[in-house]
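Visitor: Mind having a look at this structure? Questions to follow.
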Amino acid sequence: MRKSKPKKRILLPDPKFNDVLVTRFVNDLMVDGKKSIAFRIFYDAIDIVEEKIGKKEEKPALEIWKQALENITPQVEVKSRRVGGATFQVPTEINPMRKRALSVKNMILFSRKRSGRNMAEKLAAEIMAAYKEEGAAYKKKEDIHRMAEANRAFAHFRF
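Reminder that position 110 of the sequence shown reads as 110 in UniProt numbering, one-by-one numbering, no gaps.
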């Protein structure tokens, strides 16, 4: 769209935790429109997290999940910018909505790539790894930050 920004859709909070961020996560987790299955996978993963580290940390599993998402959320990214025939990787700040979308997508992507019996276990393992600041999604964030740091000299080309 050239002229106007699209309207933001209002999401309803999820039934168990009454949280909109959970709904957003489940919508990205969903495959082929099977929302009830996506909710079941998410809630099972949260139960596994509660069982494994929730009791030790004395925190609710939803707080652990939110902290894990926070840990894998990138602050800056590089964008290609063409200046005078040369293409530069310019580090830029990320919009808060995009930050959240990137962290959710990375967590789901790397959960799917993990080895495990079912998606709930894989997702729980990725949540626990991200909470401990390790795992593939956390490494991806670190790589993005490292790339931005390496190209800091081109920050004056910001648009």
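Idealized CB from N, CA, C, for every residue including glycine.
As the structure is a computational prediction, the values presented were derived from the model and not from experiment.
As a quick exercise: from 28, 9, 3, 14, pick the residue whose alpha carbon is nearest that of residue 123.
Guide: The residue you call residue 123 lines up with position 123 of the sequence shown. The shortest C-alpha separation from residue 123 is found at 28.
Visitor: Mind checking whether residue 26 and residue 42 have CB atoms under 8 Å apart?
Guide: Within the sequence shown, residue 26 is the residue found at index 26, counting from 1. Within the sequence shown, residue 42 is the residue found at index 42, counting from 1. Yes. Within cutoff.
Visitor: In whole angstroms, give me the CA-to-CA distance for residue 18 and residue 83.
Guide: As a working mapping, residue 18 is identified with position 18 in the sequence shown. As a working mapping, residue 83 is identified with position 83 in the sequence shown. Cα-Cα distance, rounded: 47 Å.
Visitor: DSSP on residue 31, reduced to helix/strand/coil?
Guide: Here residue 31 corresponds to residue number 31 of the sequence shown, with the count starting at 1. Residue 31 falls in the coil class under three-state DSSP.
Visitor: Within the same chain, show all residues whose beta-carbon is closer than 6 Å to that of residue 141, passing over the 5 residues directly before and after it, in chain order.
Guide: Reading the sequence shown from its first residue, position 141 is the one you call residue 141. Closer than 6 Å at Cβ, skipping near neighbours: 72, 74.
Visitor: Terminal residues of the continuous alpha helix (DSSP H) containing residue 70?
Guide: Along the sequence shown, one-based indexing puts residue 70 at 70. Per DSSP, residue 70 belongs to the alpha helix (DSSP H) from 61-71.
Visitor: Give a yes or no on whether the C-beta atoms belonging to residue 126 and residue 115 are separated by under 8 Å.
Guide: To locate residue 126, count along the sequence shown from 1; it is residue 126. To locate residue 115, count along the sequence shown from 1; it is residue 115. No. Outside cutoff.
Visitor: Can you give me the C-alpha to C-alpha distance between residue 120 and residue 143, rounded to a whole angstrom?
Guide: Here the question's residue 120 lines up with position 120 in the sequence shown. Here the question's residue 143 lines up with position 143 in the sequence shown. Cα-Cα distance, rounded: 26 Å.
Visitor: Quick one: grab the DSSP three-state call for residue 154.
Guide: On the sequence shown, residue 154 is found 154 positions in, with the first residue counted as 1. Residue 154 falls in the helix class under three-state DSSP.
Visitor: I need the boundaries of the alpha helix (DSSP H) containing residue 52, first residue and last residue.
Guide: Here residue 52 refers to the residue found at position 52 when the sequence shown is read from its first residue. From DSSP, residue 52 is part of no alpha helix (DSSP H); its letter is neither H nor E.
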